[in-house]
Amino acid sequence: MQKIKKLLKTDVTLSFWIALIAVILLVILSLVFSTSIENYTGQIREALSYNCGWFYLLMVLLLVGVCLVLMLSPAGKIRLGDPGSRPEYSTVSWIAMLFSAGMGIGLVFYGAAEPLSHFAVQAPEAQLYSQDALRDAFKYSFFHYGIHAWAIYAIVGLSIAYFQFRKKESTLLSVTLKPLFGSAVDGILGKLVDCLTIFATVIGVATSLGSGAMQINGGLNGLLNIPVNYGVQLTIIIVATILFMTSALSGLDKGVKVLSNFNMVLAGLLMLVSLVIGDSVKMMNTFSETLGLYLQDLLRMSTRTGAGNADQQAWINSWTVFYWAWWLAWSPFVGVFIARISRGRTIREFVSYVLLIPTLFSFLWFSVFGVLSTDAFAIDGSIAEKPFEQLLFATFDQYPLSGILSFIAVLLVFSFFITSADSATFVLAMQSEGGSIHPNNKIKVIWGILVSTIAAVLLRAGGINVLQNVLIITAFPFAILLVLITFSLLKELNYERKQMGLTIDPKRYPKKGSPFRSYEDDEEDEDE
-18 MQKIKKLLKT DVTLSFWIAL IAVILLVILS LVFSTSIENY TGQIREALSY
32 NCGWFYLLMV LLLVGVCLVL MLSPAGKIRL GDPGSRPEYS TVSWIAMLFS
82 AGMGIGLVFY GAAEPLSHFA VQAPEAQLYS QDALRDAFKY SFFHYGIHAW
132 AIYAIVGLSI AYFQFRKKES TLLSVTLKPL FGSAVDGILG KLVDCLTIFA
182 TVIGVATSLG SGAMQINGGL NGLLNIPVNY GVQLTIIIVA TILFMTSALS
232 GLDKGVKVLS NFNMVLAGLL MLVSLVIGDS VKMMNTFSET LGLYLQDLLR
282 MSTRTGAGNA DQQAWINSWT VFYWAWWLAW SPFVGVFIAR ISRGRTIREF
332 VSYVLLIPTL FSFLWFSVFG VLSTDAFAID GSIAEKPFEQ LLFATFDQYP
382 LSGILSFIAV LLVFSFFITS ADSATFVLAM QSEGGSIHPN NKIKVIWGIL
432 VSTIAAVLLR AGGINVLQNV LIITAFPFAI LLVLITFSLL KELNYERKQM
482 GLTIDPKRYP KKGSPFRSYE DDEEDEDE
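Be aware that the sequence shown starts at -18, since it is given in our numbering, and climbs by one per residue.
Take a look at the structure:
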């Protein structure tokens, strides 16, 4: 191992080697015992969903509550960095980067598919094809991509950023537990947490690479009649790997930042064109009405387990619990990346922006593409039978400018694809070198090649389902870990709040008979 370290000329940690060995063993087992491993991991995944679904629901609801408290708390004034520090990136670039890393490709994948599935394939509550089913379809799509998902990312990202920039700790998830466990975090406990972080990130990125290649292949099939097969998907992975490695080696400012800004422009263009060719009034009406339904039923959806109704419980486990587990499994990677780009922002600003801005954009996205797909279904009912990776392009075929829309969508998926892989490669290198914010390029290359190879090999062997199962399984220990991280963060924030003397009491009161008036106070300030 020392010889290899010397060859790499970089100080990789023990967590790097343990996670690397675990990933390689999983891939070998998936290739040699593909059917049995898929069945075994599938059974564990189903058992966790059935027996622990209530825990996932209540835990994520707790995180939403904590985020809301932090937005209103005096501790929200604390900066993620030294007093007086300012953000490293502009707000627009910052939002674009966190959004691209955290959710981008999922929106393109599910934006048209999920509302149609809830309406015409498997409804959450109402009868299929009914008006109630249509309302539920949008409401639950909003729910799955709303504040609950971003609350998970916000807590993980905030914890890492707070301890890194405020407490001068390393960029490792394990250090966020120091207020609870002290120096024990420097031992086996910390190594275990860091190994789990690297392992989950590798599996998550490899899964996304495989799924993204399938969706791009589906788009190219509809656009240029390119066949859907492994050869095409392998070519897509190779091209994407070259591009995201080039971006990763160029650094955050020239790589992820530029790509993320491009993603938001391209996503805005696709949504704008879709608004023009579709029923724009219906889309905006759907956005407005569903937003109200979402807020009205938020608490009920957050705690709904389908108790006493086997069909509803099965739907919740396969959709809501699956989503919560998926976001939890991705939270170490997305959280570390968001933390890295958030130095200088206040806690209130961080939580508010991370929680609300991507959520509102996601709601608008589902309103536009959900209406497109459900209206297209009224024209051609066979659309609902399409695989998810092809459904968006099948929807476009029912509208004018379908070729242009499909081209933009393929380009957007590819760009999101590269951005997520680029971000993940950066995070993996950081974690492998003990939380270094300027990781060695050689480690980036190793992880980039490795995750692409895993995706390509398992895509060929039909092992992507194994990766998905394993990713969901790893979400369970992360859920427990995240509860501990949350209490650790609150404990340390409360300590610092007391030390700083932060309160919600006003610093100044108006004089009797002389209320504060902005339209008069401003004039007085100018005179002074």
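Backbone N, C-alpha and C fix where the C-beta goes; we use that ideal spot for every residue, glycine too.
Could you work out which residue in the options is closest to residue i when comparing CA atoms only?
i: Leu177; options: Leu483, Ala456, Met78 and Gly163; result: Ala456
i: Trp305; options: Val432, Leu42 and Val257; result: Leu42
i: Leu382; options: Leu115, Leu251 and Leu279; result: Leu251
i: Ile364; options: Gly57, Ala0, Arg26 and Ala101; result: Ala101
i: Trp300; options: Leu7, Glu95 and Leu79; result: Glu95
i: Ala142; options: Ala114, Ile453, Ile418 and Ala187; result: Ile418
i: Ile86; options: Gly57, Pro105 and Gly191; result: Gly191
i: Gln480; options: Ile59, Gln145, Phe14 and Ile(-1); result: Ile59
i: His129; options: Leu462, Ala114, Asp361 and Leu276; result: Leu276
i: Ile217; options: Phe119, Leu272, Val239 and Ser189; result: Ser189
i: Arg329; options: Met52, Phe14 and Asn266; result: Met52
i: Thr72; options: Gln112, Lys172, Asn242 and Gln379; result: Asn242
i: Tyr91; options: Leu240, Lys425, Thr227 and Leu353; result: Leu353
i: Ala295; options: Trp(-2), Ile25, Ser15 and Tyr31; result: Tyr31
i: Leu61; options: Ala118, Val209, Trp307 and Leu474; result: Leu474
i: Ser517; options: Ile424, Leu279, Leu272 and Ser323; result: Look at the range of the chain in this structure, -18 to 509, and you will see that residue 517 is not part of it.
i: Gln293; options: Ser495, Gln103 and Asp361; result: Gln103
Using a 10 Å radius around the Cβ and a threshold of 16 neighbouring Cβ atoms, would you call residue i buried or exposed?
i: Val183; result: buried
i: Phe459; result: buried
i: Lys(-14); result: With a pLDDT of 47 at Lys(-14), under the threshold of 50, the modelled position of this residue cannot be trusted, and the question is left open.
i: Gln449; result: buried
i: Lys149; result: exposed
i: Trp75; result: buried
i: Ile2; result: exposed
i: Gln145; result: buried
i: Ala402; result: buried
i: Trp428; result: buried
i: Ala390; result: buried
i: Phe347; result: buried
i: Trp35; result: exposed
Give me, in chain order, the residues of the same chain whose beta-carbon lies closer than 8 angstroms to that of residue i; leave out the 5 immediate sequence neighbours on both sides.
i: Ile207; result: Asn198, Leu201 and Val213
i: Leu161; result: Leu465, Phe468, Ser469 and Lys472
i: Val4; result: Phe180, Val183, Ile184, Leu431 and Ile435
i: Met411; result: Thr152, Val317, Arg321, Ser417, Ile418 and Pro420
i: Leu463; result: Met40, Leu44, Ile133, Ile136, Val137, Leu309 and Ser312
If you draw a straight line from the C-alpha of residue i to the C-alpha of residue j, how long is it?
i: Arg326; j: Gly193; result: 33 angstroms
i: Asp63; j: Tyr211; result: 51 angstroms
i: Glu366; j: Leu29; result: 29 angstroms
i: Pro55; j: Ile297; result: 37 angstroms
i: Val89; j: Ser261; result: 19 angstroms
i: Ala93; j: Asp167; result: 46 angstroms
i: Met245; j: Ile319; result: 17 angstroms
i: Gly522; j: Thr340; result: A question about residue 522 goes unanswered here, because the residues of the chain that appear run from -18 up to 509.
i: Thr152; j: Gly127; result: 27 angstroms
i: Ser404; j: Gly23; result: 28 angstroms
i: Glu27; j: Met40; result: 19 angstroms
i: Phe314; j: Cys33; result: 23 angstroms
i: Ser396; j: Gly384; result: 18 angstroms
i: Leu109; j: Gly249; result: 31 angstroms
i: Trp(-2); j: Ala291; result: 44 angstroms
i: Leu256; j: Met264; result: 8 angstroms
i: Tyr380; j: Gly259; result: 8 angstroms
i: Gly65; j: Gly57; result: 15 angstroms
i: Val254; j: Phe350; result: 11 angstroms
i: Lys492; j: Arg478; result: 29 angstroms
i: Leu154; j: Asp175; result: 7 angstroms
i: Ser(-4); j: Gly171; result: 9 angstroms
i: Thr(-6); j: Tyr476; result: 31 angstroms
i: Tyr21; j: Phe80; result: 34 angstroms
Tell me which residues share the same chain as residue i and place their Cβ nearer than 6 angstroms to its Cβ, disregarding the 5 neighbours each side in the sequence.
i: Ile18; result: Leu10, Ser11 and Val447
i: Thr484; result: Pro55
i: Ala357; result: Ile364, Thr376 and Gln379
Below 7 angstroms CB to CB, which residues in the same chain sit around residue i once its five sequence neighbours on both sides are set aside?
i: Met195; result: Gln214 and Glu370
i: Ser387; result: Gly200, Gly203, Leu204, Phe374 and Phe377
i: Ala310; result: Ala181, Gly185, Leu452, Ile453, Thr455, Ala456 and Phe459
i: Arg285; result: Ile297
i: Ser433; result: Leu190, Ile218 and Thr222
Do the segment 119 to 133 and the segment 429 to 437 make contact, defined as three or more Cβ pairs closer than 8 angstroms?
no
Is it true that the segment 328 to 335 meets the segment 125 to 135, where meeting means three or more beta-carbon pairs spaced less than 8 angstroms apart?
yes
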